[in-house]
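Reviewing the structure listed below.
There are 2 protein chains.
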Amino acid sequence: MSQLPTVLDVGRIAGVSRQTVSNVLNSPELVKPATRAKVEAAIAQLGYRPHASARRLRTQKSSTLGIRLDPMTNGISGSVLDRFLHALTERADRRGLRVMLFTATDPQDEIRQFTRLRDGADVDGFVLTSTFYGDPRTEWLIENNVPFVTFGRPWGIDDMNDPRHLWVDVDGWSGLHEGTTSLLNSGAVRIAYLGWPSPSGTGDDRRRGWRDAMTEDGALSAAELDELDLRTIDGVGQGREAVKRLLESGVQVDAVVSASDSLALGALLAVGPDVPVIGYDNTPVAAAIGLSSIEQPLDDVAAGALQLLLGESGREIVGWQSASTEPRHRLVTPRLITRERSTVTGVR
Amino acid sequence: MSQLPTVLDVGRIAGVSRQTVSNVLNSPELVKPATRAKVEAAIAQLGYRPHASARRLRTQKSSTLGIRLDPMTNGISGSVLDRFLHALTERADRRGLRVMLFTATDPQDEIRQFTRLRDGADVDGFVLTSTFYGDPRTEWLIENNVPFVTFGRPWGIDDMNDPRHLWVDVDGWSGLHEGTTSLLNSGAVRIAYLGWPSPSGTGDDRRRGWRDAMTEDGALSAAELDELDLRTIDGVGQGREAVKRLLESGVQVDAVVSASDSLALGALLAVGPDVPVIGYDNTPVAAAIGLSSIEQPLDDVAAGALQLLLGESGREIVGWQSASTEPRHRLVTPRLITRERSTVTGVR
DNA sequence: GAAGGTAGTTTGATCGATCAAATAGTGCGA
DNA sequence: TCGCACTATTTGATCGATCAAACTACCTTC
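Residue numbers (the working numbering), protein chains in the order written: chain Y, -9 to 338; chain D, -9 to 338.
Here you go:
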């Protein structure tokens, strides 16, 4: 079992000291080009790779991000986190960062994991998903000065403009506004919104997108809009029931926009094949059954998260501190994927 | 910013040397119970946590597993890997292991990543998914003596009994056999199999499950079975077309079993609401539309993978070497999830 | 009671890198 | 020519743990 080469070996071959090798890797600008070339040749020749753990021990940095895998795959929309994770890993890789997973049973447990991972120098920053109002995790991370970024804006009052931490989010308002407008343009008038009960940061934001678009259109009164504003917990069955009840009460519906593909599928089953429905998240289900849906640009979200955490240029995870002048958040715009509906009708 | 406590600090408080502290953590049986108690108290008092990188540097072990995130979410079945990943992370956590992600564009690139991650002592073992016949990755890992386990059995000749590496897999034969038998018991006779083109290790295995069950039943001839044996690439549209063609050719079909939920959904759209269909993977889509499906027990797969990699007891990743006497693989049995079909019919 | 054993604990060396300070080499103005 | 600033490179110390060997008591055993 041959030993792996170290900086010392590389230095020996290149005829320089170990520190010069280190400098070539970490601060090339300090090294004279001729020397650098020699060292780089030696590195290539030996196939040298820096030993990550040794570097971490010395620098107390891990170049690794921690991200929690959600306790339960959230039914139909589970793939959203999955896709985000993929985009994040890929982009982190390009910046020389690794992504480490962990699980936790609840926010308190998650905070314990934060401690564990950071004290062991396993990770030096976190990406949080599914944040909620008054989230103890963000509080803890801020207090303990741990770099992090959230996917999901902070929903407290005014946090949007003077956030206490870095965040990236998708502009749900804009997505629903676009979807609704597109249906209005194609002739629909009475468009229902099928969403979650308030308060829900994400949900209320999306609802406003629909409502604002409808209000701009001006064809319906506020009272009529209230009637078309459905609220139920997420799920195919729930969505279906809600829409069914609305139809049975004699209200006419030209189209439906919704807060999730699950709800949208439920709506689809209730309204039959001739009423357009737009979902949210563009899950595989939507693609499979030909459901139009609003897609979150997860690759952009991942890119934004890393930019915030690292600063535009660097490779170092600094988090909050870095962003003194730059904006502290990113709001990316989703886009509507329009599909020809193929197939689904509801009976049973 | 206070320094984190080290073994030395703990030792100072407990009135012992650093090595004794280390022994309490790693080889408690060497330490006298009274001493151990003192040390443990000191650890608790200081909130001491071992520094992972330092330990790794010294031991040349990382207690971390690497797993590649698939380049593309495989459409509708993407969530399978996702669920597996979750189960793996959770179980690894309980054993004190971490899971690190990486991405790769192709098998060669993946091998480069293996090198990188292992040389840097970032990970000391891998979990491979979606292996295929003659996979260069397994070859490389074996040659370089890197511990690993695959999710998916090796499909070469006879590898099943004398495998060159550790593996866990789901018994697709059994799943399809159970599904088919269940349909036969409920009165169906002419059951079609909708699967992928041969050769496909996984696919052929599942097909055999169907075919063996049908043959045991004895109602149909081999020629009739051939007629009901559909093969197409994965996808809702493809599945639908294949079944549609079969029906148009005048063949009667009482039920359909298939190799994936995508194909099953396609079949559903082609056959209408009254013909039972069974899918595979029990994806959220199946749950959403009320499609019966065969579920892979991914938690068992993850548990099995770790047992093989670590040996029944240990916390150390040893892989192949450990398993000298124990079995070198696990084959877990999937189970049929039966659902009342709700809703889907196909027109367009 | 001296030699040998054993359980429990301590000390010195080490893993592979980077930091901080020291040392050589270079150019330039007075 | 001397000295000062500046660049390029080297040397010594260190990060926090574990390994290997050494040391202490305390027991046996002949």
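Backbone N, C-alpha and C fix where the C-beta goes; we use that ideal spot for every residue, glycine too.
In this structure, does DSSP put Gly199 of chain D in helix, strand or coil? Looking at Gly199 of chain D - three-state DSSP - the assignment turns out to be helix.
Can you give me the start and stop residues for the alpha helix (DSSP H) that Arg320 of chain D sits inside? Premise fails: Arg320 of chain D lies in the beta strand (DSSP E), His319 to Val322, not in any alpha helix (DSSP H).
DSSP state of Thr128 of chain D, grouped into three classes? In the structure shown, Thr128 of chain D sits in a helix (DSSP, three-state: H, G or I).
By the three-class DSSP mapping on this structure, what secondary structure does Pro60 of chain Y have? Before going further, note that residue 60 of chain Y is Asp rather than Pro in the sequence given. Three-state DSSP puts Asp60 of chain Y in coil, outside helix and strand.
Would you mind stating whether Ala249 of chain Y and Trp186 of chain Y have Cβ atoms separated by less than 7 angstroms? Yes. Within cutoff.
DSSP puts Arg88 of chain D in a beta bridge; with which residues? Under DSSP, Arg88 of chain D shares a beta bridge with D:Thr54.
Thinking Gln286 of chain D and Val160 of chain D are a contact (beta carbons under 8 angstroms), I'd like their distance in whole angstroms, please. The beta carbons of Gln286 of chain D and Val160 of chain D sit about 5 angstroms from each other, so the pair counts as a contact at 8 angstroms.
Using the DSSP secondary-structure output, state which residues sit across from Ser248 of chain Y in a beta bridge. The partner list for Ser248 of chain Y (beta bridge, DSSP) reads Y:Leu184.
Could you tell me which residues DSSP puts in a beta bridge with Val117 of chain Y? Per DSSP, Y:Ile57 and Y:Val139.
Taking C-beta pairs closer than 8 angstroms, name the residues in chain D that Gly110 of chain Y reaches, listed in chain order. Per Cβ cutoff of 8 angstroms: Arg39, Pro40, His41, Ala42 and Ser43.
DSSP beta-bridge partners for Trp157 of chain D? Partner(s): D:Thr140 and D:His319.
Would you report the Cα separation of Asp125 of chain D and Ser239 of chain Y, rounded to the nearest angstrom? The straight-line gap separating the alpha-carbon atoms of Asp125 of chain D and Ser239 of chain Y is approximately 60 angstroms.
Rounded to whole angstroms, what is the Cα-Cα separation between Ala232 of chain Y and Arg221 of chain Y? Answer to the nearest angstrom: the Cα atoms are 8 angstroms apart.
Within its chain, find whatever has a CB closer than 7 angstroms to the CB of Leu71 of chain Y; leave out the 5 residues flanking it on each side and keep chain order. Leaving aside the five residues that flank Leu71 of chain Y on each side, the residues in its chain whose CB is nearer than 7 angstroms to its CB run, in chain order, Asp60 and Thr119.
Taking the alpha helix (DSSP H) that Val21 of chain Y falls in, what are its first and last residues? From DSSP, Val21 of chain Y is part of no alpha helix (DSSP H); its letter is neither H nor E.
Using a Cβ-Cβ cut-off of less than 8 angstroms, give me the residues of the segment 72 to 91 of chain Y that come near chain D, in sequence order. Answer in chain order: Asp72, Arg73, Leu75, His76, Thr79, Glu80, Asp83, Arg88, Val89, Met90 and Leu91.
What residues in its chain sit with their C-beta under 7 angstroms from that of Ala292 of chain Y, if we drop five residues either side in the sequence? Only Phe74, Ala77, Leu78 and Arg81 meet the Cβ criterion.
Helix, strand or coil for Asp224 of chain Y, going by three-state DSSP, please let me know. Asp224 of chain Y falls in the coil class under three-state DSSP.
So Ser282 of chain Y contacts chain D; which residues on that side make the cut at Cβ distance below 9 angstroms? Ordered by position in chain D, no residue passes the 9 angstroms Cβ test against Ser282 of chain Y, which lies about 15 angstroms from the chain.
Verify whether the separation of the beta carbon atoms of Ala111 of chain D and Ser52 of chain D is less than 7 angstroms. Going by C-beta atoms, Ala111 of chain D is nearer than 7 angstroms to Ser52 of chain D.
Any C-beta of chain Y sitting closer than 7 angstroms to the C-beta of Ser345 of chain D? Any question about residue 345 of chain D goes unanswered here, given that chain D covers just -9 to 338.
Three-pair Cβ contact test at 8 angstroms for the segment 174 to 188 of chain Y versus the segment 314 to 329 of chain Y: Note that the segment 174 to 188 of chain Y does not touch the segment 314 to 329 of chain Y; fewer than 3 beta-carbon pairs, one per stretch, sit closer than 8 angstroms.
Taking Leu326 of chain Y as part of the beta strand (DSSP E), name the residues at either end of that continuous run. From DSSP, the beta strand (DSSP E) with Leu326 of chain Y extends over Arg325 to Ile327.
Using 7 angstroms as the threshold, is the C-beta distance between Ser188 of chain Y and Arg46 of chain D below it? Contact flag unset, no.
Where the segment 266 to 294 of chain D meets chain Y: residues whose CB sits under 9 angstroms from a CB there: Cβ contacts with chain Y come from Thr273, Pro274, Val275, Ala277, Ala278, Ile279 and Gly280.
With a threshold of 7 angstroms on Cβ separation, who are the neighbours of Met204 of chain Y within its own chain once the five nearest residues in sequence on each side are excluded? The residues are Thr170, Ile181, Leu210 and Leu215.
Coil, strand or helix - Asp99 of chain D by DSSP: Asp99 of chain D: helix per DSSP, three-state reduction.
Under 8 angstroms, with one C-beta from each stretch per pair, do the segment 0 to 9 of chain D and the segment 19 to 36 of chain D reach the 3-pair mark? Taking 8 angstroms as the limit for Cβ pairs, the verdict is that the segment 19 to 36 of chain D does touch the segment 0 to 9 of chain D.
Starting from Leu255 of chain Y, find everything on chain D with Cβ-Cβ shorter than 7 angstroms and list it in chain order. Here the neighbours are Ala278.
Taking the beta strand (DSSP E) that Glu285 of chain D falls in, what are its first and last residues? Looking at the DSSP string, the run of the beta strand (DSSP E) that includes Glu285 of chain D is Ser282 to Glu285.
Please check if any C-beta of chain D sits within less than 7 angstroms of the C-beta of Ser120 of chain Y. Cβ-Cβ to chain D under 7 angstroms: no for Ser120 of chain Y.
Candidates Y:Pro266, Y:Thr323 and Y:Ile101, of which the one nearest Asn175 of chain Y by Cα: Among Y:Pro266, Y:Thr323 and Y:Ile101, the Cα nearest to that of Asn175 of chain Y belongs to Y:Pro266.
Would you kindly report the start and end of the unbroken alpha helix (DSSP H) that includes Val(-3) of chain Y? Val(-3) to Ala4 is the span of the alpha helix (DSSP H), which, as asked, contains Val(-3) of chain Y.
Cα-Cα separation, Glu330 of chain Y to Gly262 of chain Y: Between the C-alpha atoms of Glu330 of chain Y and Gly262 of chain Y there is a straight-line separation of about 14 angstroms.
In chain D, which residues lie with their C-beta within 7 angstroms of the C-beta of Val226 of chain Y? Residues of chain D passing the Cβ test: Ala278.
What residues of chain D sit near Thr93 of chain Y, judged by a beta carbon separation below 8 angstroms? Chain D residues near Thr93 of chain Y: His76, Thr79, Glu80 and Asp83.
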